[in-house]
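My numbering puts the first residue of the sequence shown at 207, with every later residue one more than the last.
We put the CB at the ideal spot given by N, CA and C, even for glycine.
Here the structure is a predicted model, which is why all the values come from computation and not from measurement.
Contents: one structure, followed by commentary.
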Amino acid sequence: MIILLIVLAIVVILILWIIGVYNNLIKLRNLGQNAWADVDVQLKRRYDLIPNLVNTVKGYATHERETFENVTKARSMAAAAKTPAEKGQAENFLTQALRQLFAVVENYPELKANQNFLELQKSLNDIENDIQNARRYYNAVVRDYNIALQVFPNNIIAGMFNFKPMEFFELGDENQREAPKVQF
207 MIILLIVLAI VVILILWIIG VYNNLIKLRN LGQNAWADVD VQLKRRYDLI
257 PNLVNTVKGY ATHERETFEN VTKARSMAAA AKTPAEKGQA ENFLTQALRQ
307 LFAVVENYPE LKANQNFLEL QKSLNDIEND IQNARRYYNA VVRDYNIALQ
357 VFPNNIIAGM FNFKPMEFFE LGDENQREAP KVQF
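Structure follows, in structure tokens:
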């Protein structure tokens with residue numbers, strides 16, 4: 207009878223431990239999905255601001271059509287990307303297009319003094335900082351989740367319940383790791 211109670215206690219403890227590990231993995235996965243949604247919100251704010259910025263610059267630099275088309279194309283690609291890897295690649299392209307746009311702006315001193323442009327520039331700078339913070343938080347949550355999946359004995363429970371690692375949000379090109387410079 208005592209042996210049966212000991213075995214039963216061990217089984218109960220094992221089940222409680224499995225439930226605890228499972229719930230922790232669920233919590234971390236949900237935090238990761240929430241953090242990704244935060245990154246997406248910040249990127250959407252950026253995408254919404256870009257047409258206003260382009261239209262303001264267009265009024266001054268009408269002959270720079272290719273630059274405007276590149277920014278518009280890059281914005282569309284970035285908005286359509288789904289996974290962190292796709293977003294990272296699309297963000298690289300968008301950052302390069304924005305740099306081209308700001309290079310055009312350098313040739314128009316009256317544009318640099320335009321109040322609408324200055325407000326858009328400040329908004330873009332604020333959004334870039336928010337994106338950087340959201341990316342950092344997302345990657346920290348993904349790191350914690352992936353570690354929880356890989357450590358023993360959690361990896362056994364994760365495998366039993368088919369938990370998959372999450373992707374980090376990384377930018378491929380070292381030059382793209384900085385926010386576009388919008389100094390005038």
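Buried or exposed by the 16-neighbour rule on C-beta atoms within 10 Å, applied to residue i
i, result
"Leu211", "exposed"
"Thr289", "exposed"
"Met372", "buried"
"Ile256", "buried"
"Val310", "buried"
"Gly294", "buried"
"Gly226", "exposed"
"Leu330", "buried"
"Phe172", "Residue 172 lies beyond the stretch modelled for the chain, which goes from 207 to 390, so this question has no answer here."
"Gln356", "exposed"
"Val348", "buried"
"Ile209", "exposed"
"Ala163", "The question about residue 163 has no answer here: the residues shown for the chain are numbered 207 through 390."
"Phe308", "buried"
Check whether residue i and residue j have beta carbons under 8 Å apart
i, j, result
"Asn322", "Thr262", "yes"
"Ile333", "Arg252", "yes"
"Ala354", "Asn230", "yes"
"Leu326", "Leu259", "yes"
"Leu300", "Arg271", "no"
Cα-Cα separation between residue i and residue j, rounded to whole angstroms
i, j, result
"Gln382", "Gln302", "The predicted position of Gln382 is uncertain, since its pLDDT is 46 and thus under 50; a value taken from the coordinates is nonetheless stated next. Approximately 8 Å between the Cα atoms of the pair."
"Met283", "Ala296", "6 Å"
"Met207", "Ile219", "18 Å"
"Leu237", "Val245", "12 Å"
"Leu242", "Lys328", "Residue identity check: residue 242 is Trp in the sequence provided, not Leu. Those two C-alpha atoms are separated by around 24 Å."
"Val277", "Asp254", "12 Å"
"Tyr228", "Arg305", "45 Å"
"Lys279", "Phe374", "25 Å"
"Asp350", "Leu234", "7 Å"
"Glu292", "Ile337", "16 Å"
"Val222", "Pro359", "The sequence given here places Leu at residue 222; Val does not occur at that position. Looking at the two C-alpha atoms, the distance is approximately 14 Å."
"Val217", "Asn335", "50 Å"
Residue range of the alpha helix (DSSP H) that includes residue i
i, result
"Lys279", "271-286"
"Gly265", "No alpha helix (DSSP H) contains Gly265, which DSSP labels as neither H nor E."
"Met207", "It is not in any alpha helix (DSSP H) - Met207 carries neither H nor E in the DSSP assignment."
"Asn361", "360-366"
Below-8 Å beta-carbon distance, residue i vs any chain D residue
i, result
"Arg342", "Among the chains of the structure shown, chain D does not appear; only one protein chain is present."
Task: 3 or more residues per run - each beta strand (DSSP E) lying fully within the segment 209-244 - done: none
*asked:* Quick check on the DSSP output: what are the complete alpha helix (DSSP H) runs of length 4 or more inside the segment 300-332, in order along the chain?
replied: 315-318
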